[in-house]
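Novice: Below: one structure in structure tokens.
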Amino acid sequence: MAVLGTAGHVDHGKTTLVRALTGVDTDRLPEEKRRGITIELGFAPLRVRDPDGGERIVAVVDVPGHERFVGTMAAGAQGVDVALLVVAADAGVMQQTREHLTILEFLGVQRVLVALTRCDVADEETRALAKLDIEDVLSTTPWPRAELYEVSGKTGEGIDALREAIARATKSLEAEGRAKRPTRLSIDRAFVPRGQGVVVTGTLAFGTIAVGDELELVPRERRVRVRGLHQYGAPVEKASATGRLAIGVAGVELADVHRGEVLVRPGSLEVTRAFDAVLTRAKAGRPFGRRARLAVHVGTDEVPARLVPLAPLSPESDSSKNTIAPGEQWLVRAVLLRRIGVAAGDRA
Numbered sequence: 011m012a013v014l015g016t017a018g019h020v021d022h023g024k025t026t027l028v029r030a031l032t033g034v035d036t037d038r039l040p041e042e043k044r045r046g047i048t049i050e051l052g053f054a055p056l057r058v059r060d061p062d063g064g065e066r067i068v069a070v071v072d073v074p075g076h077e078r079f080v081g082t083m084a085a086g087a088q089g090v091d092v093a094l095l096v097v098a099a100d101a102g103v104m105q106q107t108r109e110h111l112t113i114l115e116f117l118g119v120q121r122v123l124v125a126l127t128r129c130d131v132a133d134e135e136t137r138a139l140a141k142l143d144i145e146d147v148l149s150t151t152p153w154p155r156a157e158l159y160e161v162s163g164k165t166g167e168g169i170d171a172l173r174e175a176i177a178r179a180t181k182s183l184e185a186e187g188r189a190k191r192p193t194r195l196s197i198d199r200a201f202v203p204r205g206q207g208v209v210v211t212g213t214l215a216f217g218t219i220a221v222g223d224e225l226e227l228v229p230r231e232r233r234v235r236v237r238g239l240h241q242y243g244a245p246v247e248k249a250s251a252t253g254r255l256a257i258g259v260a261g262v263e264l265a266d267v268h269r270g271e272v273l274v275r276p277g278s279l280e281v282t283r284a285f286d287a288v289l290t291r292a293k294a295g296r297p298f299g300r301r302a303r304l305a306v307h308v309g310t311d312e313v314p315a316r317l318v319p320l321a322p323l324s325p326e327s328d329s330s331k332n333t334i335a336p337g338e339q340w341l342v343r344a345v346l347l348r349r350i351g352v353a354a355g356d357r358a
């Protein structure tokens with residue numbers, strides 16, 4: 011099962027578009043209903059049909075677009091195979107549009123589709139200006155030729171064409187080798203349904219999980235047993251990457267499980283308070299001073315850290331300076347406030 015994640019500025023119609031595609035309203039919290047914006051991650055199954063007539067499910071992750079919830083957006087973007095960039099036709103590219111594109115690039119998302127939403131309230135000239143705006147911002151990203159679809163979540167315009175594009179974009183991902191790597195699921199939610207034990211949800215980015223498996227909860231390094239698996243309300247005995255899962259776990263209390271922790275094969279993930287990485291600065295923003303204080307997002311976790319520059323990697327960088335300027339690339343060490351689980355090759 012491939013994973014599709016939304017991205018884009020607040021109030022540009024991401025949740026309305028997901029509802030038009032899937033029939034599911036991913037805003038589940040009362041405050042989301044009252045304020046009319048997404049605050050928490052939302053999830054929905056999207057049924058797509060392939061040219062050969064086969065039907066399958068694409069897991070959809072709907073993320074917040076408000077700048078206050080950028081950490082939640084980064085958590086939702088982890089494990090995404092294809093991103094759906096949502097831009098309102100009557101507003102064009104906004105600040106969070108650009109910031110979300112930067113997050114998708116740094117997390118290594120390979121494919122992007124663009125949905126130009128609210129086309130029912132924009133005339134042809136306004137649509138054309140918005141498309142030029144999108145082409146301009148994408149020209150400096152890894153996705154300069156991303157397919158764009160003009161849609162309306164209210165009238166249904168373009169929804170079928172977009173659904174077919176999602177089917178094409180995710181079809182070739184089914185055979186990729188994520189399932190052969192060590193099992194890893196970053197937890198984004200934990201709860202106790204009435205009459206049951208602890209259930210955690212997340213995106214299975216790598217490997218497989220089966221009922222009865224013994225897994226390790228990191229960074230607390232505690233063993234748990236899988237007592238049940240669900241995918242969109244249906245019980246399954248086994249699941250492979252990628253895809254959304256709800257997992258019933260035995261051996262842990264709800265108070266011991268938090269967003270950001272990871273379920274892995276025992277011993278397969280390093281637990282540490284420091285790691286070295288190649289840091290690529292975005293082209294905009296202010297310089298980082300030495301030992302800058304940052305928030306590091308790995309998987310669904312967010313942890314305060316101090317950055318220690320080790321060596322410049324880009325020709326224009328000057329190791330004698332006390333800053334890492336926008337656009338520069340450095341080898342750095344991140345010293346974390348608490349332990350996390352990481353692996354070589356992770357993106358953050």
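Each residue of the sequence shown is one higher than the one before, starting from 11 at the first, in our numbering.
Don't be surprised by glycine CBs; every beta carbon is placed ideally from N, CA and C.
#1: Please report the Cβ distance between A125 and L27, rounded to the nearest whole angstrom; I am assuming they are in contact, meaning their Cβ atoms lie under 8 Å.
#2: Just mark T255 as buried or exposed, buried being the case when its beta carbon has 16 or more other beta carbons within 10 Å.
#3: With 16 other CB atoms within 10 Å as the buried threshold, where does G205 fall?
#4: State the DSSP-derived secondary structure class of H110, mapped to helix, strand or coil.
#5: So the beta strand (DSSP E) L5 belongs to, where does it begin and stop?
#6: To which residues does DSSP link P55 through a beta bridge?
#7: Which residue marks the beginning of the beta strand (DSSP E) containing R283, and which one marks its end?
#8: Who pairs with I257 in a beta bridge, going by DSSP?
#9: For the beta strand (DSSP E) holding K248, just list the boundary residues, first then last.
#10: What are the boundary residues of the beta strand (DSSP E) that includes A98?
#11: Using only alpha-carbon positions, find the residue among V288, V345, T252 and G277 that is nearest to R232.
#12: Give a yes or no on whether the C-beta atoms belonging to D198 and A85 are separated by under 9 Å.
#13: With 16 other CB atoms within 10 Å as the buried threshold, where does T25 fall?
#14: Go through its chain and collect everything with a Cβ distance to A315's Cβ below 8 Å, but skip five positions before and after it.
#15: Could you work out which residue in V236, V161 and W340 is closest to L320 when comparing CA atoms only?
#16: With a cut-off of 8 Å, do at least 3 Cβ pairs link the stretch 206-219 to the stretch 188-197?
#17: Taking G23 and R128 to be in contact with their CB atoms under 8 Å, please state how far apart those CB atoms are, rounded to whole angstroms.
#18: Report buried or exposed for V202, applying the criterion of at least 16 other Cβ atoms within 10 angstroms of its Cβ.
#19: Taking the Cβ atom as the reference point for each residue, do A30 and F53 lie within a distance shorter than 9 Å?
#20: Could you tell me whether the Cβ atoms of L142 and V122 are closer together than 9 Å?
#21: To the nearest angstrom, how far is it from the Cα of A251 to the Cα of K331?
#22: Roughly how many whole angstroms lie between the Cα atoms of D60 and A12?
#23: Could you check the C-alpha separation between E115 and Y159 for me, to the nearest Å?
#24: Output needed for V131: all residues of its chain with C-beta closer than 7 Å, excluding positions within five of it in sequence on either side, in chain order.
#25: Answer with yes or no whether the minimum CB distance from D133 to chain B is below 9 Å.
#26: Checking 9 Å against the spacing of the C-beta atoms, do T107 and K293 come in under that value?
Specialist: In terms of the structure at hand:
#1: For a cut-off of 8 Å, the C-beta gap from A125 to L27 is around 6 Å, short enough to register as a contact.
#2: A small correction: the amino acid at residue 255 is Leu; Thr does not occupy that position in the sequence shown. Taking a 10 Å sphere around the C-beta of L255, we find 16 or more other C-beta atoms and assign the residue as buried.
#3: Exposed is the call here.
#4: Helix.
#5: No answer is possible for residue 5: the residues shown for the chain start at 11 and end at 358.
#6: Looking at the DSSP assignment, P55 forms a beta bridge with A69.
#7: Segment E280 to T290, the beta strand (DSSP E) holding R283.
#8: I257 pairs with V210 and L239.
#9: Element bounds for K248: K248 to S250.
#10: Looking at the DSSP string, the run of the beta strand (DSSP E) that includes A98 is V92 to A98.
#11: That would be G277, whose Cα lies nearest to the Cα of R232.
#12: Yes, these two residues count as a Cβ contact at 9 Å.
#13: Taking every protein chain shown into account, the CB of T25 has 16 or more other CB atoms within 10 angstroms, so this residue is buried.
#14: For A315, where only same-chain residues beyond five positions count, the Cβ hits under 8 Å are R303, L304, A305, V306, A344, V345, L346 and L347.
#15: Comparing Cα positions, the closest option is W340.
#16: Short answer: they touch.
#17: About 6 Å separates the CB atoms of G23 and R128; that is less than 8 Å, so the two are in contact.
#18: Label assigned to V202: exposed.
#19: Note that the C-beta distance between A30 and F53 is not below 9 Å.
#20: Taking the C-beta atoms as reference points, V122 is found no nearer than 9 Å to L142.
#21: For the pair A251 and K331, the Cα-to-Cα distance works out to about 44 Å.
#22: Distance between the alpha carbons of D60 and A12: 13 Å.
#23: In this structure, the alpha-carbon of E115 lies about 21 Å from that of Y159.
#24: If you ignore the 5 residues before and after V131, its C-beta comes within less than 7 Å of the C-beta of D100, all in its own chain and listed in chain order.
#25: Of the chains in the structure shown, none is chain B; there is only one protein chain.
#26: No, these two residues do not count as a Cβ contact at 9 Å.
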